[in-house]
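Asker:
Chains as they are written, first to last, in our numbering: chain A, 1 to 312; chain B, 1001 to 1429.
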């Protein structure tokens, strides 16, 4: 293996090198098999304490992290709150320092504010894993998407990957863009102009407002969840209008390559950004993404824990 | 005791003066300026190698009194001002209670006098409670001593109300200081909009949020015939809008702050809340345009927008952090380092932007010059002085500055207010 893992935290994919990303993907491969065993448990993280510190509701990501930690025998504590509960007077930093004082090893954190995990990483000693911060990044989602693509396509370099939907508010999009471009994929982002972040083309991606361009020639299409409340902010006129222009349905699928992969980070708004026949269709790897999510998170927990012995 | 400042480089744009000379201060006034003055019974202060300037005047300060004295008050704010070489400041109205009636104006004047360190002036709000709805009682406020009107911190959203306020202010020769920000375009924004906001996943504030309001307010100044002063200009396009307005002979002036010509948006990367400010730090292109605007006279004034905030308001998630940074202690050094040393301004230009132009804006009598008979407010600036910005040496009660750790060149050596030495070589007197 080219590099060793040296970081205390996993905050984003922007700051990782291609070698570090490859290291996580390789490590993921060796952890994936554990979840297929009849007894899905190894003692790798025995005696380590992992705190799930979620300031935003989450089912999928929280469960995935929790199972990953449990299958590695870590002790888990769940703290679920909302960012606004801090009006009680305790700041995020105070709360984190209290958790630190309880001698935990890893804090897995989701927060509605971009940069919240970065702030904590600089002020407390446990490792911080960013499980999604605002519109910034969701590194383990990016990693599991890339792992899933690589399982099918055997490589990332040279692939055409299209990300379609609300790019502006999507932390999944940002982590995918960084991870994929570092590994040599050609990334296209597609969505309404109102949901395209400023100067995104400077991240080395192609921008299009025409879904046809994003579908044709794509090896992978990653459909993002559209948040319905954006309509109220006049970011698109109506769901109907959005679906017509940017929803993926059987008709638009006719333009796609025959071996295209259809991905979605979930939860799916069926009939809005993707129709059920496409989400459940033969090209869809949406549920494989979920399975791989656990393996990726096991690999990340393992690498950050600094434990030397890997799998029994 | 009288004071004589010997052999300094005296820079006084009001008298087109930039020459080595002595200044005699007597009974609170500048008694005499000339070479080789010989006076007995006066304290002799050697100013060789130093620049002697009319006392610096900050046209944009927040001292948080009344309401947030835990962040700054007239005494700590005055000490910060003195350390930075300022002899006068203009406080904004967004205190609690808001400075929107005669009573609060009088309170500020009397408390400021009790602090007794520098000249503290106040603006009064354009509208009651800064709500943009009802005009404040301008005749009374003006009589009580307010020097300008401003809802700073917020724009006056309704242009009709701004028009009427400006027409009314004109009768009292009060300028209206405008915080140019379209609140719809800037809504929820926390930094400059662009590639960096995209990378950081933060909501951006487009440059147009400022510039559309600059353009609007210029037209309302033309319509009302009143004096408009645009606060904290941060974008290239705003500088250009003011340049064109001045060509059209509209009565508009504007200011920028050192952070807009020293820092760019890069200062917020790593989610540094001390660099979160409104308007936000922009790009290198804007920095260059602002320097150009300073050198060609489009930008009249360098103000600080000194905005103290407690650690609790800054040491939080970036989205939740208060906006603003302290500036009084650093503005003169930064202006010297970035403008004078880099030949954007000469010393005369420095004195214009930091003393006489703010004095003219606020119609301060006998301030902003070293004319014989003027108030003896004098800043002796030492270009060879240095300072490292460290929390332990900040006079302001609040320590919110992105300059922590930086080395500054040029310091205020002696500051005289009303003929009395109030600050000398690092000590308050």
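Just so you know, even glycine gets a beta-carbon here, dropped at the ideal spot from N, CA and C.
Is the Cβ-Cβ distance between residue 1313/B and residue 1322/B less than 8 Å?
Answerer: The residue labelled residue 1313/B in the question sits at position 313 within the second chain. The residue labelled residue 1322/B in the question sits at position 322 within the second chain. For residue 1313/B and residue 1322/B, yes; Cβs fall inside 8 Å.
Asker: Using the Cβ count rule (16 or more neighbours within 10 Å means buried), how would you classify residue 104/A?
Answerer: The residue you call residue 104/A lines up with position 104 of the first chain. Counting Cβ neighbours within 10 Å, residue 104/A comes out buried, since at least 16 surround it.
Asker: Among 52/A, 171/A, 167/A and 278/A, which residue has its Cα nearest to the Cα of residue 297/A?
Answerer: Counting from 1 along the first chain, the entry for residue 297/A is found at position 297. Nearest of 52/A, 171/A, 167/A and 278/A to residue 297/A, Cα basis: 52/A.
Asker: Return the CA-CA distance between residue 120/A and residue 1027/B, expressed in angstroms with no decimal places.
Answerer: Counted from its first residue, the first chain places residue 120/A at position 120. Counted from its first residue, the second chain places residue 1027/B at position 27. So the alpha carbons of these two residues sit roughly 57 Å apart.
Asker: Where do the N-terminal and C-terminal ends of the alpha helix (DSSP H) with residue 29/A fall, by residue?
Answerer: For this step, residue 29/A is matched to residue 29 along the first chain. 18 to 32 is the span of the alpha helix (DSSP H), which, as asked, contains residue 29/A.
Asker: Determine, using beta carbons only, whether residue 8/A comes closer than 8 Å to chain B.
Answerer: For the purposes of this step, residue 8/A is taken as residue 8 along the first chain, with counting starting at 1. It does not: the Cβ of residue 8/A has no partner Cβ on chain B nearer than 8 Å.
Asker: Within 8 Å (strictly less), CB to CB, does residue 174/A reach chain D?
Answerer: The structure shown contains no chain D; its protein chains are A and B.
Asker: Quick check: the region 1288 to 1307 of chain B against the region 1350 to 1359 of chain B, are at least 3 beta-carbon pairs closer than 8 Å?
Answerer: Because the criterion of three Cβ pairs below 8 Å is met, the region 1350 to 1359 of chain B and the region 1288 to 1307 of chain B touch.
Asker: Taking residue 1202/B as the query, report the chain A residues whose CB atoms sit under 8 Å from its CB, ordered along the chain.
Answerer: Residue numbering aside, residue 1202/B sits at position 202 when the second chain is read from its first letter. Chain A residues near residue 1202/B: 114, 115, 134, 135 and 136.
Asker: Just list the residues that DSSP pairs residue 1325/B with in beta bridges.
Answerer: For the purposes of this step, residue 1325/B is taken as the residue at position 325 of the second chain. BP columns for residue 1325/B point to 1306/B.
Asker: Would you list, in sequence order, the uninterrupted beta strand (DSSP E) runs of no fewer than 3 residues that lie entirely inside the region 170 to 208 of chain A?
Answerer: Segments of the beta strand (DSSP E) lying fully in the region 170 to 208 of chain A: 186 to 190 and 206 to 208.
Asker: So, does the region 1003 to 1011 of chain B touch the region 114 to 129 of chain A, judging by three or more C-beta pairs under 8 Å?
Answerer: With a cut-off of 8 Å, the region 114 to 129 of chain A and the region 1003 to 1011 of chain B do not count as touching, because too few Cβ pairs lie within range.
Asker: Can you check which of these residues, 1221/B, 1164/B and 1283/B, is closest to residue 1242/B by C-alpha distance?
Answerer: On the second chain, residue 1242/B is found 242 positions in, with the first residue counted as 1. Per the Cα distances, 1221/B.
Asker: If the cut is a Cβ gap below 8 Å, which residues of chain A does residue 1199/B touch?
Answerer: The count along the second chain starts at 1 and reaches residue 1199/B at position 199. Near residue 1199/B (Cβ distances below 8 Å), the residues of chain A are 14, 174 and 203.
Asker: Does DSSP put residue 1006/B in a helix, in a strand, or in coil?
Answerer: Your numbering for residue 1006/B matches position 6 in the second chain. Strand.
Asker: Taking any Cβ of chain A, which residues in the region 1137 to 1171 of chain B have a Cβ under 8 Å from it, in chain order?
Answerer: Answer set for the region 1137 to 1171 of chain B: empty.
Asker: Tell me which residues share the same chain as residue 303/A and place their Cβ nearer than 7 Å to its Cβ, disregarding the 5 neighbours each side in the sequence.
Answerer: The sequence position of residue 303/A within the first chain is 303, counting from 1. If we look at residue 303/A and ignore the five residues flanking it on each side, its Cβ neighbours are 5, 24 and 27.
Asker: Return the CA-CA distance between residue 346/A and residue 69/A, expressed in angstroms with no decimal places.
Answerer: Residue 346/A lies beyond the stretch modelled for chain A, which goes from 1 to 312, so this question has no answer here.
Asker: Could you run through the region 1312 to 1324 of chain B and flag, in chain order, every residue whose CB is less than 9 Å away from some CB of chain A?
Answerer: From the region 1312 to 1324 of chain B, only 1312, 1315, 1316, 1317, 1318, 1319 and 1320 have a Cβ closer than 9 Å to chain A.
Asker: Residues in the region 189 to 217 of chain A with C-beta within 8 Å of chain B's C-beta atoms, listed in sequence order?
Answerer: Within the region 189 to 217 of chain A, the qualifying residues are 197, 198, 199, 200, 202 and 203.
Asker: Leaving out five residues on either side along the sequence, give the residues of the same chain with a beta carbon under 7 Å from the beta carbon of residue 250/A.
Answerer: In the first chain, counting from the first residue as 1, residue 250/A sits at position 250. Closer than 7 Å at Cβ, skipping near neighbours: 275, 277 and 278.
Asker: To the nearest angstrom, how far is it from the Cα of residue 1092/B to the Cα of residue 1078/B?
Answerer: By one-based count along the second chain, residue 1092/B stands at place 92. By one-based count along the second chain, residue 1078/B stands at place 78. Going by the C-alpha atoms only, they are around 15 Å apart.
Asker: Please report whether the beta-carbon of residue 118/A lies at a distance below 8 Å from any beta-carbon of chain B.
Answerer: Start at 1 with the first residue of the first chain, and residue 118/A comes out as number 118. Yes, residue 118/A counts as interfacial toward chain B.
Asker: Report the residue from 13/A, 158/A, 9/A and 19/A whose alpha carbon sits nearest the alpha carbon of residue 179/A.
Answerer: If you number the first chain from 1, residue 179/A lands on position 179. Taking only the C-alpha atoms, the option nearest residue 179/A is 13/A.
Asker: Could you check if residue 1066/B belongs to the surroundings of the ligand GDP, using beta carbon to heavy atom distance under 7 Å?
Answerer: Ligands in the displayed structure: none, and consequently the ligand GDP is not present.
Asker: Leaving aside the five residues before and after residue 212/A along the sequence, list all residues of the same chain whose C-beta is less than 7 Å from its C-beta, in chain order.
Answerer: Taking the first chain and counting its residues from 1, the one referred to as residue 212/A is at position 212. 255.
Asker: Give the single residue among 1061/B, 1067/B, 1419/B and 1087/B whose Cα lies nearest to the Cα of residue 1104/B.
Answerer: By 1-based counting over the second chain, the position of residue 1104/B is 104. The option with the nearest alpha carbon to residue 1104/B is 1067/B.
Asker: Identify the continuous alpha helix (DSSP H) that holds residue 117/A and give its terminal residues.
Answerer: Here residue 117/A refers to the residue found at position 117 of the first chain. Its alpha helix (DSSP H) spans residues 116 to 121.
Asker: In the structure shown, what three-state DSSP assignment does residue 126/A receive?
Answerer: Locating residue 126/A in the first chain gives position 126, counting from the first residue. Coil, per DSSP.
Asker: Whole angstroms is fine: what's the gap from residue 1083/B's alpha carbon to residue 1428/B's?
Answerer: Taking the second chain and counting its residues from 1, the one referred to as residue 1083/B is at position 83. Taking the second chain and counting its residues from 1, the one referred to as residue 1428/B is at position 428. Straight-line Cα distance between these residues: approximately 8 Å.
Asker: Between which two residues does the beta strand (DSSP E) carrying residue 1424/B extend?
Answerer: Here the question's residue 1424/B lines up with position 424 in the second chain. Unbroken beta strand (DSSP E) run through residue 1424/B: 1420 to 1424.
Asker: Is residue 1265/B close to chain A? Criterion is C-beta to C-beta, closer than 8 Å.
Answerer: If you number the second chain from 1, residue 1265/B lands on position 265. Chain A contact via Cβ: absent.
Asker: Can you round the beta-carbon distance between residue 1283/B and residue 1385/B to whole angstroms, since I take them to be within the 8 Å contact cut?
Answerer: Position 283 of the second chain holds residue 1283/B. Position 385 of the second chain holds residue 1385/B. Their Cβ separation, rounded to whole angstroms, is 31 Å, which puts residue 1283/B and residue 1385/B out of contact at 8 Å.
Asker: For the alpha helix (DSSP H) containing residue 1114/B, list its first residue and its last residue.
Answerer: As a position in the second chain, residue 1114/B is number 114, starting the count at 1. 1102 to 1115 is the span of the alpha helix (DSSP H), which, as asked, contains residue 1114/B.
Asker: Rounding to the nearest angstrom, what Cα-Cα distance links residue 1042/B and residue 1033/B in this structure?
Answerer: Translated into the one-based positions of the second chain, residue 1042/B becomes position 42. Translated into the one-based positions of the second chain, residue 1033/B becomes position 33. Taking the straight line joining both Cα atoms gives about 14 Å.
Asker: Can you name, in chain order, every residue of its own chain whose Cβ lies under 7 Å from the Cβ of residue 1014/B, other than the five neighbours on each side?
Answerer: In the second chain, residue 1014/B corresponds to position 14, counting from 1. The residues are 1356, 1368, 1369 and 1371.
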